[in-house]
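K.L.:
Pasting a structure below so you can have a look.
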Amino acid sequence: MFDLQPWPWYITGPMITLTMAALLLIGKRFGISSNLRTMCAIGGADKLSDYFQFDWKSQRWNLVFVLGTLVGGFVAKGFLLQDAPVDIHPSTAEALQAMGVQDAGSAFAPGALFGAEAWSNPVAMLALLVGGLFVGFGTRWANGCTSGHAISGLSSMQWTSLIAVIGFFIGGLAATHFLLPILLPLL
Amino acid sequence: MLRIFLLGLLFGITLTMGEVISWFRIYEMFRFESFHMYGVIGSAVMLGAAFHLLARSRGWKAEGGRALDVFRYDGKLWKSYLLGGTVFGMGWAVTGACPGPLFITLGAGYLPVIVAIIGALLGTLLYGIVRRHLPH
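Protein chains in written order, with the numbering used here: chain A, 14 to 200; chain B, -15 to 120.
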């Protein structure tokens, strides 16, 4: 399976289902953004809001899961995935290059945001910080992210998760088509 | 706990090998120019639905005979799902990472993503403080 570089969707998707099913059979659930709440609670946020006053110790297993994913990223990127650029659609790469993202089509992630040069670029730092803030605020407001809503919620046929996923796309499409054309040339 | 760690490891490897943690793949998804991300999410949901249906019809239990701990979302809170989802979607498109990939990207060695993780923690904190004033 590791000869396939990168993994096609029909391996990646089922492996995600496998993760969810295994967690459920162990007696846990597949939802990653709740770890953000747990981390804030551990950091002392319970003094600022009762939202963080809960038994976070019962959520320690989920932090262990996140630690595993982090090591998984290290192992996969360092040893399994050969240094292949992400083969995005030519018109996607063209659109990005026109906005100044020169490594589109020839890198795994845009260097302007994730390479060492990002540290000295205030626009990149601000984009990551504010973008991250939206991720944290939005997933907690929506009570779930891609794992909790798009995968767990949709597969257990909950229409409220479909509403959340529609929201993900309203926001994602708006940012991609109206915000990024302004932001990316500034990087 | 070792099993949980190993499942996390597998998930981190999966999202990296499948390029789900690549900013480029998310950007491409929001331009509808590749089937890749739709295939990933779609097949995960389809197979997951088959799992849930089987689990229900066959009465599968979690370890120790407990019921499966399936998420139960409250339909009365639909406004928060739509609005919060929209806010998250904007952050997803800009950072190219949902909460799982935030941490996997860090593990993969793209250190500036730490700034997005700090942002996500600040956003969570901010939500906790202002949530009484938000529609739910």
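For every residue, glycine included, the Cβ atom is placed at its ideal position computed from N, Cα and C.
May I ask you to verify whether the stretch 134 to 153 of chain A touches the stretch 93 to 103 of chain B, counting CB pairs closer than 8 Å and requiring at least 3?
P.N.:
Touching, yes, given that three or more Cβ pairs across the two stretches are closer than 8 Å.
K.L.:
Note down the Cα distance separating Leu197/A from Ser41/B, rounded to an integer number of angstroms.
P.N.:
If you number the first sequence from 1, residue 197/A lands on position 184. If you number the second sequence from 1, residue 41/B lands on position 57. Cα-Cα distance, rounded: 50 Å.
K.L.:
By a C-beta neighbour count over all protein chains shown, 10 Å radius and 16 as the cutoff for buried, is Trp172/A buried or exposed?
P.N.:
Locating residue 172/A in the first sequence gives position 159, counting from the first residue. So Trp172/A ends up on the exposed side.
K.L.:
Could you spell out the range, first to last residue, of the alpha helix (DSSP H) harbouring Trp74/A?
P.N.:
Locating residue 74/A in the first sequence gives position 61, counting from the first residue. First-last of the alpha helix (DSSP H) with Trp74/A: Arg73 to Val88.
K.L.:
If distances are taken between C-alpha atoms only, which option among His190/A, Gly161/A, Asp116/A and Ile183/A comes closest to Pro98/A?
P.N.:
Within the first sequence, the letter at position 85 stands for residue 98/A. It is Asp116/A whose Cα lies nearest to the Cα of Pro98/A.
K.L.:
Here's the rule I'm using: 16 or more other beta-carbon atoms within 10 Å means buried, otherwise exposed. How should Phe19/B be labelled?
P.N.:
Counted from its first residue, the second sequence places residue 19/B at position 35. The residue in question, Phe19/B, is exposed, as its Cβ has fewer than 16 Cβ neighbours within 10 Å.
K.L.:
In chain A, what lies closer than 8 Å to Gly68/B by C-beta?
P.N.:
On the second sequence, position 84 is the one that residue 68/B refers to. Within 8 Å Cβ-Cβ: Phe150, Gly151, Thr152, Arg153, Trp154, Ala155, Asn156, Ala177 and Gly180.
K.L.:
Of all Cβ atoms in chain A, is any one closer than 8 Å to the Cβ of His117/B?
P.N.:
By 1-based counting over the second sequence, the position of residue 117/B is 133. Not one chain A Cβ lies under 8 Å of His117/B.
K.L.:
Below 8 Å between beta carbons: does that hold for Glu3/B and Thr105/A?
P.N.:
By one-based count along the second sequence, residue 3/B stands at place 19. By one-based count along the first sequence, residue 105/A stands at place 92. Contact flag unset, no.
K.L.:
Look at the alpha carbon of Ile55/A and the alpha carbon of Pro123/A, and state the distance between them as a whole number of angstroms.
P.N.:
Locating residue 55/A in the first sequence gives position 42, where the first residue counts as 1. Locating residue 123/A in the first sequence gives position 110, where the first residue counts as 1. Roughly 33 Å between the two C-alpha positions.
K.L.:
For a contact meaning CB atoms closer than 8 Å, what does Gly73/B contact in chain A?
P.N.:
Your numbering for residue 73/B matches position 89 in the second sequence. Gly151, Gly180, Phe181, Phe182, Ile183, Gly184, Gly185, Leu186, Ala187 and Ala188, listed in chain order.
K.L.:
Nearest CA to the CA of Thr25/A: which residue from Gly91/B, Pro96/B and Met1/B?
P.N.:
Here residue 25/A refers to the residue found at position 12 of the first sequence. With distances taken between Cα atoms, Thr25/A lies closest to Met1/B.
K.L.:
Could you check whether the stretch 123 to 140 of chain A touches the stretch 26 to 41 of chain B, counting it as contact only if at least three pairs of C-beta atoms, one from each stretch, sit closer than 8 Å?
P.N.:
At 8 Å Cβ cutoff, the stretches do not touch.
K.L.:
Could you check how far apart the C-beta atoms of Ala51/B and Lys60/B are, in whole angstroms? I think they sit under 8 Å.
P.N.:
Taking the first residue of the second sequence as position 1, residue 51/B is located at position 67. Taking the first residue of the second sequence as position 1, residue 60/B is located at position 76. So it is not a contact: roughly 23 Å between Cβ atoms.
K.L.:
Are the C-beta of Gly113/A and some C-beta of chain B separated by less than 8 Å?
P.N.:
If you number the first sequence from 1, residue 113/A lands on position 100. It does not: the Cβ of Gly113/A has no partner Cβ on chain B nearer than 8 Å.
K.L.:
Could you check how far apart the C-beta atoms of Ile(-3)/B and Leu93/A are, in whole angstroms? I think they sit under 8 Å.
P.N.:
Working through the second sequence from its first residue, we reach residue -3/B at position 13. Working through the first sequence from its first residue, we reach residue 93/A at position 80. 7 Å between Cβ atoms; contact.
K.L.:
Under a three-way DSSP split, which group does Cys82/B fall into?
P.N.:
Sequence index remark: in the second sequence, residue 82/B carries index 98 (1-based). In the structure shown, Cys82/B sits in coil (DSSP, three-state: anything other than H, G, I, E or B).
K.L.:
To the nearest angstrom, report how far apart Ala35/A and Leu(-9)/B are at their CA atoms.
P.N.:
As a first step, residue 35/A must be located in the first sequence, where it is residue number 22. As a first step, residue -9/B must be located in the second sequence, where it is residue number 7. Looking at the two C-alpha atoms, the distance is approximately 8 Å.
K.L.:
Can you list, in chain order, the residues of its chain with a C-beta nearer than 7 Å to that of Leu42/A? Leave out the 5 residues immediately preceding and following it.
P.N.:
Within the first sequence, the letter at position 29 stands for residue 42/A. Looking at the sequence itself, residue 42/A is Arg, so the reference to Leu does not match. Result list for Arg42/A: Leu36 and Ser165, in chain order.
K.L.:
Are the CB atoms of Arg15/B and Thr189/A within a distance shorter than 8 Å?
P.N.:
The count along the first sequence starts at 1 and reaches residue 189/A at position 176. The count along the second sequence starts at 1 and reaches residue 15/B at position 31. Yes. Within cutoff.
K.L.:
Is Leu141/A closer than 8 Å to Thr70/B when the C-beta atoms are compared?
P.N.:
Residue numbering aside, residue 70/B sits at position 86 when the second sequence is read from its first letter. Residue numbering aside, residue 141/A sits at position 128 when the first sequence is read from its first letter. Going by C-beta atoms, Thr70/B is not nearer than 8 Å to Leu141/A.
K.L.:
Less than 8 Å between the CB atoms is what I'm expecting for Pro83/B and Cys158/A, so what's the real figure, rounded?
P.N.:
Taking the second sequence and counting its residues from 1, one reaches residue 83/B at position 99. Taking the first sequence and counting its residues from 1, one reaches residue 158/A at position 145. That belief holds up - the Cβ atoms of Pro83/B and Cys158/A are roughly 5 Å apart, short of 8 Å.
K.L.:
Between the C-alpha atoms of Ile195/A and Asp68/A, what's the straight-line distance to the nearest angstrom?
P.N.:
Residue mapping note: residue 195/A aligns to position 182 of the first sequence, counting from 1. Residue mapping note: residue 68/A aligns to position 55 of the first sequence, counting from 1. Approximately 43 Å, taken between the alpha carbons.
K.L.:
For Lys63/B, count neighbouring C-beta atoms within 10 Å of its own C-beta (all shown protein chains included) and say buried if the count is 16 or more, exposed if not.
P.N.:
On the second sequence, position 79 is the one that residue 63/B refers to. So Lys63/B counts as exposed.
K.L.:
Could you check whether the Cβ of Ser27/B sits closer than 8 Å to any Cβ belonging to chain A?
P.N.:
For this step, residue 27/B is matched to residue 43 along the second sequence. Output row for Ser27/B: interface = yes.
K.L.:
Taking DSSP as the reference, what is the three-state secondary structure of Ile195/A?
P.N.:
Working through the first sequence from its first residue, we reach residue 195/A at position 182. Looking at Ile195/A - three-state DSSP - the assignment turns out to be helix.
K.L.:
For Leu109/A, which residues of its own chain have a beta-carbon under 6 Å away from its beta-carbon, when the five flanking residues on both sides are left out?
P.N.:
To locate residue 109/A, count along the first sequence from 1; it is residue 96. Result list for Leu109/A: Ala117, in chain order.
K.L.:
Let me see if you follow: with CB-CB separation under 8 Å, is Val99/A close to chain B or not?
P.N.:
As a working note, residue 99/A is residue 86 in the first sequence. True, the Cβ-Cβ gap to chain B drops below 8 Å.
K.L.:
Kindly list, in the order they appear in chain A, the residues whose Cβ is closer than 9 Å to that of Ser41/B.
P.N.:
Position 57 of the second sequence, counted from the first residue, corresponds to residue 41/B. Simply none; closest approach about 14 Å.
K.L.:
For Ser47/A, count neighbouring C-beta atoms within 10 Å of its own C-beta (all shown protein chains included) and say buried if the count is 16 or more, exposed if not.
P.N.:
Position 34 of the first sequence holds residue 47/A. Buried, because 16 or more other Cβ atoms sit within 10 Å of the Cβ of Ser47/A.
K.L.:
Taking CB distances under 8 Å as the criterion, tell me whether Gln72/A reaches chain B.
P.N.:
If you number the first sequence from 1, residue 72/A lands on position 59. It does not: the Cβ of Gln72/A has no partner Cβ on chain B nearer than 8 Å.
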